[in-house]
Ligand SMILES: [Zn+2]
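Numbering (my numbering), first residue to last: 6 to 589.
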């Protein structure tokens, strides 16, 4: 029942939406002027208010002080009537339930401000128990410095209450934290409230300024969500607020909550500027899939090489030189922070060619630990006849030696001074003397299969693309079955496969884990809206390739939301449809 709220875009747990009142409002939004309170039912029985579509009416409710036992809360819980206007229910994170309203107001929000782990638990508990397509309102808490984290957690609506109170106490807020108004000689802001001499600036002006900055910060955050770059911004902004830093780190421990909501692919690059980047879902997911889904299908020695700033790696000058020396006699695996290891077939796969990192030549201990853990897990699963480490001293060599020792392996090192010196490259080439070359055809087949493993699951590459013909020039590869029917194409921007109808049929009929969206009896064109979804696989993530099937249609497309969200939502595009055919 969310006629008045719709989500248009998602960036992890953050959402960009629209409150459809008499006027439309973009969310995340300030709701200061958009609420009517139906009042508390503690003091008297309340009639259902006469709401209208200009505001959100908070239905009569009973709020409870912190620590009230759940049984007591349940016994006194207000009944929420079905109403024909935009409405909100007041809920406590311990007893929250679906009341059929458009908005949920978290009554214990203020107890959670300042308490990071309680905040994280409360938000996850509420978000998982109210419908995905309803708005969550966190009252009385947001400040400009904490706003990015609050939105990243999955909150849609806030107010300027806390920011204004801080202003009346002489706290001048900016997106970088708070300053005592008394300490300011100048007003470092160009908002309307600050357009006056410092000496005439009152506490009321300070409150207005704080609210203006909050509004400004909301615009920045919405733009970041639109660009798919909220996390990059968050990693910088949380530095200004210890609570927000703590919340971000604790959310990063909630991998399930975030992973379900994080897209498989993004247009935007990710910025790797801090150790916190290593804990973001995209990085952990890539490492997890490379070490649990990917299969090496080459018989050649492994050649470990350093990553390059230019992506994909194969287009860089250094990798061109490695390739010249290796000449198809080795399987290239790039070592990199923050990705871990990148086998050559997955160099295009998000985020392997979508990150910008700070190059200092030094690796932090966290980076070394992360990359060596991934390399170790990778080599535990993948056995090679030989492992050649063509890596420079800094960081790389230490990681190799650590893994070598842990696994009882013996690497062959080929670098003198630097990997691209004539001497080093000659070493690499002569170390591979006598090794067989793999065929271009094998490389193409193995690339398609590796992408299928990564995207669809362990074993999918062999099950789907056992007998195929490939054509096209890397990276624009296409796969056909032995009858010449096209099955899939590589999408070079993201290193993922896009299936044809024939490919989707093969996938649906195979033993490989299939991501299915079951729809009602209609033939979709362009997209499937959430109300048309009957059921969907739990493991569908935004951006996943999905089979779409119903009594009247069979198709293939790309998920716009997670499987659980498709099932629970009543609005919004669930999946795009690339190809569809009517069932006869
Ligand atoms: Zn200002």
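Even for Gly, the Cβ is constructed at its ideal location relative to N, Cα and C.
Suppose you measure from the CA of residue i to the CA of residue j; what does that come to, to the nearest Å?
i, j, result
"residue 166", "residue 157", "20 Å"
"residue 86", "residue 53", "8 Å"
"residue 428", "residue 366", "21 Å"
"residue 4", "residue 350", "In the structure displayed, the chain extends from 6 to 589; residue 4 sits before or after that span and is not available."
"residue 211", "residue 15", "33 Å"
"residue 2", "residue 326", "Examination of residue 2 is not possible in this model, given that the chain is present from 6 through 589 alone."
"residue 402", "residue 346", "14 Å"
"residue 283", "residue 263", "14 Å"
"residue 542", "residue 289", "22 Å"
"residue 570", "residue 260", "17 Å"
"residue 584", "residue 495", "16 Å"
"residue 18", "residue 161", "10 Å"
"residue 559", "residue 588", "7 Å"
"residue 226", "residue 273", "15 Å"
"residue 146", "residue 152", "9 Å"
"residue 1", "residue 163", "The question about residue 1 has no answer, for the chain in this structure spans 6 to 589."
"residue 104", "residue 130", "15 Å"
"residue 237", "residue 361", "11 Å"
"residue 24", "residue 9", "6 Å"
"residue 303", "residue 444", "10 Å"
"residue 123", "residue 117", "6 Å"
"residue 437", "residue 453", "26 Å"
"residue 275", "residue 353", "14 Å"
"residue 182", "residue 150", "5 Å"
"residue 572", "residue 407", "46 Å"
"residue 550", "residue 524", "16 Å"
"residue 148", "residue 168", "5 Å"
"residue 280", "residue 409", "24 Å"
So, are the CB atoms of residue i and residue j less than 9 Å apart?
i, j, result
"residue 301", "residue 336", "yes"
"residue 294", "residue 458", "yes"
"residue 332", "residue 425", "no"
"residue 433", "residue 460", "no"
"residue 484", "residue 473", "yes"
"residue 90", "residue 73", "no"
"residue 394", "residue 421", "no"
"residue 109", "residue 125", "no"
"residue 269", "residue 548", "yes"
"residue 199", "residue 208", "no"
"residue 32", "residue 40", "no"
"residue 215", "residue 172", "yes"
"residue 376", "residue 413", "no"
"residue 357", "residue 317", "yes"
"residue 341", "residue 307", "no"
Considering only C-alpha positions, which residue in the set the options is nearest to residue i?
i, options, result
"residue 80", "27, 453, 67, 540", "67"
"residue 101", "154, 559, 84", "84"
"residue 590", "210, 316, 255, 463", "Residue 590 lies beyond the stretch modelled for the chain, which goes from 6 to 589, so this question has no answer here."
"residue 65", "92, 78, 73", "92"
"residue 58", "42, 389, 477, 26", "26"
"residue 196", "175, 220, 173", "220"
"residue 566", "586, 554, 534", "534"
"residue 518", "449, 463, 378, 317", "463"
"residue 467", "450, 480, 477, 481", "450"
"residue 491", "508, 170, 514", "508"
"residue 528", "511, 521, 510, 553", "553"
"residue 586", "561, 271, 247", "561"
"residue 43", "77, 34, 94, 75", "94"
"residue 299", "388, 312, 202", "388"
"residue 590", "60, 174, 168", "Residue 590 is absent from the model: the chain starts at 6 and stops at 589."
"residue 522", "531, 580, 497, 244", "580"
"residue 120", "398, 253, 324", "253"
Can you check DSSP and say which residues form a bridge with residue i?
i, result
"residue 311", "340"
"residue 177", "184"
State yes or no: is the C-beta of residue i nearer than 8 Å to some heavy atom of ligand 2?
i, result
"residue 280", "No copy of ligand 2 occurs in the structure displayed; its ligands are ligand 1 alone."
Exercise for the section: Can you list the residues near ligand 1, meaning Cβ strictly closer than 6 Å to any non-hydrogen atom, in the order they appear in the chain? Expected result: 194, 196, 198, 199, 214, 217
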